Structures are given as C-alpha cells and as structure tokens.
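**Student:** Structure in structure tokens, see below.
2 protein chains.
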Amino acid sequence: MIRRTPQQPRERGIPDATVARLPLYLRALNGLAERAVATVSSEDLAVAAGVNSAKLRKDLSHLGSYGTRGVGYDVQYLIYQISRELGLTQDWAVAIVGVGNLGRALANYGGFVSRGFRVAGLLDADPEVVGDHIAGLVVEHSDELESVIAKRGVSIVVIATPATAAQAVCDRVIASGVTSILNFAPVVLTVPAGVDVRKVDLSIELQILAFHEQRKVNGGPAVVDEIMGEEWAGEVS
Amino acid sequence: MIRRTPQQPRERGIPDATVARLPLYLRALNGLAERAVATVSSEDLAVAAGVNSAKLRKDLSHLGSYGTRGVGYDVQYLIYQISRELGLTQDWAVAIVGVGNLGRALANYGGFVSRGFRVAGLLDADPEVVGDHIAGLVVEHSDELESVIAKRGVSIVVIATPATAAQAVCDRVIASGVTSILNFAPVVLTVPAGVDVRKVDLSIELQILAFHEQRKVNGGPAVVDEIMGEEWAGEVS
DNA sequence: TCGACTTTGTGCATCACTTCACAAAGGCAC
DNA sequence: GTGCCTTTGTGAAGTGATGCACAAAGTCGA
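As they're listed, the protein sequences go chains A and B. Just add 10 to wherever you are in the first sequence, counting from 1, and you've got this note's numbering. Just add 10 to wherever you are in the second sequence, counting from 1, and you've got this note's numbering.
Below you can see the structure in the form of structure tokens.
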C-alpha cells in the first residue's frame, strides 16, 4: 500500500475503494462516448456502471468538482479527468512473462492497449514458444527479462507463468527495479516493502460463486455436518 | 447479493469479506498439505495467505471452532471444513462460453478442476473453433447452449465471449435456469434479481497498479493540471 | 430578471470490517 | 496431578465505507 506523507495537507487522499471503482466508471463513460452522449447525470452513469448514485457522486467528488449542478457531467471531460487520475494519460510499458493461453489472452486483450498500456515485451522460458509472433510481438526468452525491462523502460510486469516459476520471476523483476507487479499465478508472492503486487486469481471468483450457489440450492453447507465432524474428530485426536 | 432470512437465529451469517478470503486460506492450506504439514498456527497460516493473524482467526471463527488452543489448526481438517463451507465438496458442472485465448486458458486452468469444478461444456459461435479438442472436450456451437446446460446439469456458466455477445449469452443462460454467472467480458450485465453475477476484469487491476505507480513516480496525476483544466473548461462551456 | 426545476456535492448517521488485547482452553514437562 | 506455556476465540474499540437527505448551485423558459 502507498502511504500518504502527512505533510501533504489535503487533496491527494483518494480511498482505495474509490480507486478500485474508477476503472468501472471509465468503462461506462467510454460506452456513452461511443454512443455520442455529451453529458450524463450521476444517476444514469451509476446505472451504467452498476453502482448507486450517491456512491458515484462521492467517488467523483474525491477527484474534484467536475460536474455541473442541474446538468450532470460532461462525458469527455470526465473521461479525461478519471484517466488522468489513474495515470492512463501516460503510456505505460508492460511486459508479460509467461506466454501460455493466459499470457496470449492478455497480450491480445483490447482493454490493455486502449487504456494507455503498451505491451512492450513477451517472455517465456519454453524454447518451443520463443520466436512465436503474438499481437505484433515476437516472444523472447525469459533470460532476456532484465535487458527487456531496462531497454524498453518497462514499469509494470504481468506474471502469467505457472505457480512454480512465479516467485523466481518476481525476484528478478524486482531486482531490475520494477515496483508494480500484476500476478496471475496462484501463489502469494513475497516482496520487499515498496513493491506493489496485485493478484488476480481466476478460480477465487468461481469459488465465491459456488458458495452462493450452494446456499441457493440447499440453504447451506453439506448436511453431513455432524457425522463428518465426528469422523474427522477421530482422525485428529 | 444473498440476503439473510431474519428468522434464522445465528450461524449461517458469514461476512462477504470473509467468504472472499476463504479461497485464499484454502490455497495456503493445500500448499502446507503438499509439504506434509500436519498442524499450523493462525500466525503461520496468516503469513502463508498474506493476511494478518487476527483477521484469519476471526474469519475461521465464523465457520466454527475448528482449532485447538495451544496447538493450532489441523491442516487436513481445516481444508475439509473450508471446502465444505465453500461448497467445493460437491461437484459443480461448469460451462464456458467463448473459446478464445481466455476461454482456453480457463478450460486448462488447474485451479478449476482441482477444486470441485468440472468443465462440462465449451461453446463458441465461431464455426472455425467448433469441433476443436481442448482440455479433453470438443467445442460445441453456441446454438447448443440451452441443451448443454439442461443435459449436463450445468449450474455455473463462465462468459468469456467478446463484450458485444455477453449480454445475449447471459440472457439465454438465465432463461435456462442458471443463476450463477462468472463474467470475463468487459460489460456490466443486466440480470433479474436472484441471479448472481461476479465479474473479473483483467484490465481493472492493471489500472489500479498504474494509479499507484504514478504516485510513486511523480507524487500524483499529471502536472499539466491547471493548464489542461483551462483548456477543457473552454470546450465544456 | 426571476422563479421553478434539476442535479451536484457533502455533512451525518449507519453499517461493516479490521485490529487490538486478553481471558479461556488446552498441551506438555515434570 | 500441577503449573507453565502456547495459541485460540472473541468482546470491544477503532477505522473506513456506504447511503440518506438536503442545501447550494446551476439551467432554462417566460
């Protein structure tokens, strides 16, 4: 987590929960922009983004007063302001390590390029994959990791390797000075303070769904509760 | 969101935040189990899962009293209890709609099969893709969606189609009686009450990283603040 | 210019989650 | 047994997010 310097009087203190929703608003706004909508009320934008309008207004108020009372928000202007706040008005060079199916999906993912992210490198340890052309890039060997990061000014690295390789890749990446890592490998990465790791686990959401689905079907966890409890108790003691 | 029935006196009220972390604990526990660890303290498990130990204990206390004071938690027993709570002790048939790179990545993703999820169908609208063999399954045409869901008892559907197709697929899926949907397409799906949609947006986390990275580099959003503000103000009014 | 109407921005109460800190519970050595 | 030591489970306090409700600020028609 980023720690705020206390001497900074106000401003610049956007709650994490708000930051996490800004990309959502941005996407909704882009949808409106495509349909040539000029202005939008907090109510309409909230619906489009799938949140409640009071929350949306409070979130936006953290960025500044960019709305017009009685009218709403100028779509283009708000897109610009949110993009700027998120740092998407500048160009970020991203390297993707691990070019399996997931790595390929990410390399081809429109949501990256369209939002200030430029895939500047694709790396894999498998000689079979090295040399492949994907999304206009040639896959390079993992050995090149350090030099790719240095030469192309990579500031964010995406790890899409198998779980076993992730920590080693992570260590090398950090040694190269990168402090922002997006981890798709199902492991908890150990990193020094000052390095930001965000994790996406494709199966976690599915497990949460299963939890809710189970409640719908039979109102709670397996009925074998007591019996199994006994069985297990036996094994334990 | 699932709403609790008020007449249910206690138990069965696990906070969402806790549910979201259970998969994390489960993965850490599986790691320990592989290394043949028999028992683990809340402190050690918390480190392995990347959370604080008080939080972990409180989370686990919502499931019941499964620890032993002075000793810790029995790894196997806790794996079983968490799995049961999440509904992973039963077998869930999952269908994946949209077999692009992402769909393939998901179909091959070990985290699914190993946790009670069985990929029971792969569907795509592209005739080019239909008939391909992926992860031991044959890709079927989207037209078969309803019959696949019905015949194979699919209760969770994963949408990995392009954004434009997502809502239509979603509607058909719901019409077939499915109430749990995991959406990877970058759109807000509109669904009736009672249907659970969870969303994974691969680019959101990247945008959050960019936000923090920007702060590290230059302490905040673009320095052109005032100037751009003026420019835009001109356009707006 | 004025008044009716719309919509923002925000103070405040509420709710949910987190963290602390410690009593209660059990294991283990002697 | 007995007492020490470890670790859990949980009240209680603290922190942060949410949602309500409304005053302030703006638009627009007459």
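For every residue, glycine included, the Cβ atom is placed at its ideal position computed from N, Cα and C. These figures come from a predicted structure and were not determined experimentally.
Give the DSSP-derived three-state secondary structure of His-72 of chain B in the structure shown.
**Tutor:** Taking the first residue of the second sequence as position 1, residue 72 of chain B is located at position 62. The answer is coil: DSSP assigns His-72 of chain B none of H, G, I, E or B.
**Student:** Name, please, each residue of chain A whose Cβ falls closer than 8 Å to the Cβ of Gly-126 of chain B.
**Tutor:** Start at 1 with the first residue of the second sequence, and residue 126 of chain B comes out as number 116. Near Gly-126 of chain B (Cβ distances below 8 Å), the residues of chain A are Ala-220.
**Student:** Just to confirm, does Gln-100 of chain A get its C-beta within under 8 Å of one of the non-hydrogen atoms of the ligand MG?
**Tutor:** No copy of the ligand MG occurs in the structure displayed, which carries no ligand at all.
**Student:** When we look at the beta-carbon of Val-158 of chain B and count the other beta-carbons within 10 Å, is it buried (16 or more) or exposed?
**Tutor:** The residue labelled residue 158 of chain B in the question sits at position 148 within the second sequence. So Val-158 of chain B counts as buried.
**Student:** Would you report the Cα separation of Thr-15 of chain B and Val-109 of chain A, rounded to the nearest angstrom?
**Tutor:** Counted from its first residue, the second sequence places residue 15 of chain B at position 5. Counted from its first residue, the first sequence places residue 109 of chain A at position 99. Confidence is the limiting factor: at Thr-15 of chain B the pLDDT is only 34, short of 50, which leaves the residue's position unreliable, though a coordinate-based value still follows. If you take the alpha carbons of Thr-15 of chain B and Val-109 of chain A, they lie about 47 Å apart.
**Student:** Distance, Cα to Cα, Tyr-83 of chain A vs Asp-211 of chain B?
**Tutor:** Position 73 of the first sequence, counted from the first residue, corresponds to residue 83 of chain A. Position 201 of the second sequence, counted from the first residue, corresponds to residue 211 of chain B. The straight-line gap from Cα to Cα measures roughly 25 Å.
**Student:** In chain order, what residues of the same chain lie with their CB nearer than 6 Å to the CB of Glu-248 of chain B, ignoring the 5 residues before and after it?
**Tutor:** Because chain B here runs from 11 to 247, residue 248 of chain B falls outside it and cannot be looked at.
**Student:** At 3 residues or longer, and completely inside the stretch 83 to 122 of chain B: list those beta strand (DSSP E) runs for me, N to C.
**Tutor:** 102 to 107
**Student:** Have a look at A:Asn-40, A:Pro-231 and A:Ser-186 and flag the residue whose alpha-carbon is nearest the alpha-carbon of Tyr-87 of chain A.
**Tutor:** The residue given as residue 87 of chain A occupies position 77 in the first sequence. Closest option to Tyr-87 of chain A, Cα to Cα, is A:Asn-40.
**Student:** Within the continuous beta strand (DSSP E) that includes Ile-248 of chain A, where are the two ends?
**Tutor:** Outside the modelled stretch of chain A, which goes from 11 to 247, sits residue 248 of chain A, for which no answer is possible.
**Student:** If I measure Cβ to Cβ from Glu-156 of chain A and keep anything under 8 Å in the same chain, skipping five residues before and after, which residues do I get?
**Tutor:** Along the first sequence, read from residue 1 onward, the residue named residue 156 of chain A stands at position 146. Hits under 8 Å: Arg-182, Ala-185 and Ser-186.
**Student:** Identify, in the order they occur along the chain, each residue of the same chain with its Cβ nearer than 7 Å to the Cβ of Ser-63 of chain A, setting aside the five sequence neighbours on each side.
**Tutor:** In the first sequence, counting from the first residue as 1, residue 63 of chain A sits at position 53. Here the set comprises Ser-52, Glu-53 and Ala-56.
**Student:** Counting contacts by CB-CB distance shorter than 9 Å, is Leu-32 of chain A in contact with chain B?
**Tutor:** To locate residue 32 of chain A, count along the first sequence from 1; it is residue 22. With 9 Å as the cut-off, Leu-32 of chain A counts as an interface residue toward chain B.
**Student:** Where does the unbroken alpha helix (DSSP H) through Leu-133 of chain B begin, and where does it stop?
**Tutor:** Locating residue 133 of chain B in the second sequence gives position 123, where the first residue counts as 1. Run containing Leu-133 of chain B: none in the alpha helix (DSSP H); it sits in the beta strand (DSSP E), 127 to 134.
**Student:** From the DSSP secondary-structure annotation, give me the bridge partner or partners of Lys-209 of chain B.
**Tutor:** By one-based count along the second sequence, residue 209 of chain B stands at place 199. According to DSSP, which records beta bridges pairwise, Lys-209 of chain B is partnered with B:Asn-193.
**Student:** Rounded to the nearest angstrom, what separates Cys-180 of chain B and Leu-34 of chain B at their Cα positions?
**Tutor:** Residue numbering aside, residue 180 of chain B sits at position 170 when the second sequence is read from its first letter. Residue numbering aside, residue 34 of chain B sits at position 24 when the second sequence is read from its first letter. Distance between the alpha carbons of Cys-180 of chain B and Leu-34 of chain B: 28 Å.
**Student:** Can you have a look at Asp-26 of chain B and say buried or exposed, based on whether 16 or more other CB atoms are within 10 angstroms of its CB?
**Tutor:** To locate residue 26 of chain B, count along the second sequence from 1; it is residue 16. Counting the other Cβ atoms within 10 Å of the Cβ of Asp-26 of chain B gives fewer than 16, which makes it exposed.
**Student:** So, Arg-208 of chain B versus Glu-215 of chain A, is the Cβ gap smaller than 9 Å?
**Tutor:** As a working note, residue 208 of chain B is residue 198 in the second sequence. As a working note, residue 215 of chain A is residue 205 in the first sequence. For Arg-208 of chain B and Glu-215 of chain A, yes; Cβs fall inside 9 Å.
**Student:** Under a Cβ-count criterion, where at least 16 other Cβ atoms within 10 Å of its own Cβ denotes burial, should Ser-93 of chain B be classed as buried or exposed?
**Tutor:** Sequence index remark: in the second sequence, residue 93 of chain B carries index 83 (1-based). With 16 or more other Cβ atoms within 10 Å, it is buried.
**Student:** Going by Cα to Cα distance, which pick from A:Val-201, A:Val-205, A:Leu-133 and A:Ser-75 is closest to Ala-170 of chain A?
**Tutor:** Taking the first sequence and counting its residues from 1, one reaches residue 170 of chain A at position 160. Scanning A:Val-201, A:Val-205, A:Leu-133 and A:Ser-75 for the CA closest to the CA of Ala-170 of chain A turns up A:Leu-133.
**Student:** Let me know if Leu-203 of chain B comes out buried or exposed under the rule of 16 or more other beta-carbons within 10 Å of its beta-carbon.
**Tutor:** Residue mapping note: residue 203 of chain B aligns to position 193 of the second sequence, counting from 1. Going by the sequence as given, residue 203 of chain B is Ala instead of Leu. By the neighbour-count rule (16 or more Cβ atoms within 10 Å), Ala-203 of chain B is not buried but exposed.
**Student:** Could you check which residue in B:Val-29, B:Leu-219 and B:Ala-135 has the C-alpha nearest to that of Ile-106 of chain B?
**Tutor:** Stepping through the second sequence from its first residue, residue 106 of chain B is reached at position 96. Among B:Val-29, B:Leu-219 and B:Ala-135, the Cα nearest to that of Ile-106 of chain B belongs to B:Ala-135.
**Student:** Do you know offhand how far Trp-102 of chain B's Cα is from Leu-192 of chain B's?
**Tutor:** Locating residue 102 of chain B in the second sequence gives position 92, counting from the first residue. Locating residue 192 of chain B in the second sequence gives position 182, counting from the first residue. Annotation: Trp-102 of chain B to Leu-192 of chain B spans about 13 Å, alpha carbon to alpha carbon.
**Student:** What in chain B is Cβ-close to Gln-217 of chain A, meaning under 7 Å?
**Tutor:** As a position in the first sequence, residue 217 of chain A is number 207, starting the count at 1. Those are Pro-33, Leu-96, Leu-98 and Arg-125, listed as they occur along chain B.
**Student:** Suppose you measure from the CA of Val-47 of chain B to the CA of Arg-67 of chain B; what does that come to, to the nearest Å?
**Tutor:** As a working mapping, residue 47 of chain B is identified with position 37 in the second sequence. As a working mapping, residue 67 of chain B is identified with position 57 in the second sequence. Distance between the alpha carbons of Val-47 of chain B and Arg-67 of chain B: 19 Å.
**Student:** What first and last residue would you give for the alpha helix (DSSP H) that runs through Val-168 of chain A?
**Tutor:** Numbered from its first residue, the first sequence carries residue 168 of chain A at position 158. Counting along the chain, Val-168 of chain A falls outside any alpha helix (DSSP H), though it belongs to the beta strand (DSSP E) covering 166 to 169.
**Student:** Rounded to the nearest angstrom, how far is the Cβ of Leu-42 of chain B from that of Val-85 of chain B, given a contact under 8 Å?
**Tutor:** For the purposes of this step, residue 42 of chain B is taken as residue 32 along the second sequence, with counting starting at 1. For the purposes of this step, residue 85 of chain B is taken as residue 75 along the second sequence, with counting starting at 1. Contact flag correct, Cβ pair sits at about 5 Å.
**Student:** Buried or exposed, going by whether 16 or more other CB atoms sit within 10 Å of the CB of Ala-220 of chain B?
**Tutor:** Within the second sequence, residue 220 of chain B is the residue found at index 210, counting from 1. Buried.
**Student:** So, is the C-beta of Pro-202 of chain B closer than 9 Å to a C-beta in chain A?
**Tutor:** Mapped onto the second sequence, residue 202 of chain B falls at position 192. Closer than 9 Å: no.
**Student:** So Ile-200 of chain A packs on Lys-226 of chain B, CB below 8 Å; how close in whole Å?
**Tutor:** The residue you call residue 200 of chain A lines up with position 190 of the first sequence. The residue you call residue 226 of chain B lines up with position 216 of the second sequence. The question names Ile, but residue 200 of chain A is Thr in the sequence shown. With 8 Å as the limit, Thr-200 of chain A and Lys-226 of chain B do not qualify as a contact, their Cβ atoms being about 20 Å apart.
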